[in-house]
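Sequential numbering from 31 applies to the sequence shown in the working numbering.
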Amino acid sequence: MIKSSIAAYRNAYLGLSSPTWWLALVMFVNRAGTMVLPFMTVYLRDEMHYTIAQAGLEIALFGAGGILGNYVGGKLTDKIGFHEVQFWSLFLNGVLFIILSWMYSFLQIGLCMFTIGVVGEAFRPANATAIAHYSLPENRTRSYSLNRLAVNLGFSIGPALGGLLSYQSLFWVDGITCMLAALMLRITLPPHEKRPDHHDERTHKDDASVWRNGVYLRFTFFVFLSALCFLQVFSILPIFFKEQLHFDKPLVGALLALNGLIIVIIEMVLVFKLEGRRSPVHYISLGSFCIGLSYLMLNLPLAGLTVALIAMTTLTLGEMLMFPFVNAFWVKRSNQYNRGQYASLFSMSFALAHVLAPTFGSQVVQHASYRVLWCIVFGLCLVASVGFQRFKHN
31 MIKSSIAAYR NAYLGLSSPT WWLALVMFVN RAGTMVLPFM TVYLRDEMHY TIAQAGLEIA
91 LFGAGGILGN YVGGKLTDKI GFHEVQFWSL FLNGVLFIIL SWMYSFLQIG LCMFTIGVVG
151 EAFRPANATA IAHYSLPENR TRSYSLNRLA VNLGFSIGPA LGGLLSYQSL FWVDGITCML
211 AALMLRITLP PHEKRPDHHD ERTHKDDASV WRNGVYLRFT FFVFLSALCF LQVFSILPIF
271 FKEQLHFDKP LVGALLALNG LIIVIIEMVL VFKLEGRRSP VHYISLGSFC IGLSYLMLNL
331 PLAGLTVALI AMTTLTLGEM LMFPFVNAFW VKRSNQYNRG QYASLFSMSF ALAHVLAPTF
391 GSQVVQHASY RVLWCIVFGL CLVASVGFQR FKHN
């Protein structure tokens, strides 16, 4: 039993390229310093004395900037290459987090959050394209899982440590780690990727455009619905834990860190075991359902720490089933001429969810209740889960 478990872990990591590992290390350093966004709503409530609706609007401005950032990031990736986009996005985002610590008015914070969204989210399509560039078709899903593992390993450290630091320290630590990740990227993976010939790119533009792929557009819509629900974990769920379940800040940070810790331990082996056994869409659909179910659990009578732990575990299971296979879906439908476009549209669906998730969640809570919100979230995930099933033969 022990030998088979060790073999499963070893096999899950075999065959991945060296640049894929370096990209994962860069992501780990960056995410280990992720402290501002997980605690931003709590910071705005405790320190700035904002209403929940005002706090939700500030987070929504980050998402609005993210939509533009993902679009620009995808365009720049196809034009100048994924390395330069990744480097400058990380470095400038670090500078902006430090500047945010000096912002105090609603307008100042809003403008800074929007700019952070533009600059920071430009990284996503570039990074997704880089992973596709450095991986092979037979290990691409695992390459994305390794990247997610690095993200979540870092995220298991960031919020947990952030729960112990002062609010001002959060901005500085987050900013410095962003800049360190940028420098590490420059040193370990110097720019050398071969960019597509733009004459050929124009030749293939019409038949390669992401906007002509109806299957992918419909698929992205259901990804958006799932992301809208999943992202409550970064905006409304921390407030729910603090205000409704009366958890203190360190416990909230530990619960958020649990999500990343489970992914670090399980996801790579899970993907290795599941890949190729059934249609990827099957796992995507099941993952969306689990995400919705996790929030519905919070409506159980006498919900407390035990229910919160089970809900976070179920949420993490849904995330592990859904997101690695979603990445493989869009990569398979793109090519060297439009990979930035496909990565951009996929990332834009998440950025749009970042805009709407906190606003949607906070408005439902303010005008109805948390119980109503969790029921709506479950319903949306159920719709997405059924919708994904329709793509099994595409």
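Virtual Cβ for every residue (Gly too), placed ideally from N, Cα, C.
Val66 is classed as buried because its beta carbon has at least 16 other beta carbons within 10 Å across all chains shown. Burial is judged here by how many other beta carbons sit within 10 angstroms of a residue's own beta carbon; Ile292 has at least 16 and is buried. When rounded, the separation of the alpha-carbon atoms in Leu87 and Pro280 is 25 Å.
In the DSSP assignment, Phe359 falls within the alpha helix (DSSP H) that extends over 335–362. Contact between the stretch 323–330 and the stretch 369–385 is absent, with fewer than three C-beta pairs closer than 8 Å. In this structure, the alpha-carbon of Ser239 lies about 23 Å from that of Glu114. Residue Ser265 holds the alpha-carbon nearest to the alpha-carbon of Arg75 among Trp118, Ser265, Leu46, Ile110. Spanning the alpha carbons of Leu304 and Gly140 requires a straight line of approximately 43 Å. Listed in chain order, the alpha helix (DSSP H) elements of length 4 or more contained wholly in the stretch 116–169 are 136–151, 153–164. Contact between the stretch 135–150 and the stretch 399–411 is absent: fewer than 3 CB-CB pairs across the two stretches fall below 8 Å. Counting along the chain, the unbroken alpha helix (DSSP H) around Glu297 starts and ends at 279–304. Cβ neighbours of Leu122 within its own chain (closer than 6 Å, five residues either side excluded): Val149.
For Thr218 and Leu247, the gap between their C-alpha atoms comes out near 35 Å. Counting along the chain, no alpha helix (DSSP H) covers His79, and no H or E run does either. Judged by beta-carbon spacing, Tyr164 lies beyond the 8 Å limit of Phe270, meaning their Cβ atoms are not closer than that value. The shortest CA-to-CA distance from Leu403 to any of Thr171, Gly417, Ala387 is the one to Ala387. Burial is judged here by how many other beta carbons sit within 10 angstroms of a residue's own beta carbon; Thr81 has fewer than 16 and is exposed. Judged by DSSP secondary structure, Arg420 falls outside any alpha helix (DSSP H); it is assigned neither H nor E. Within the same chain, Cβ atoms closer than 7 Å to the Cβ of Val282 are found at Gly193, Pro268, Phe271, Lys272, the five residues on either side in sequence being excluded.
At a Cβ-Cβ threshold of 8 Å, Ala287 and Pro189 count as neighbours. Using a Cβ distance threshold of 8 Å, Phe380 and Ala257 count as a contacting pair. Nearest to Val299 by C-alpha distance, out of Val56, Ala42, Tyr101, is Ala42.
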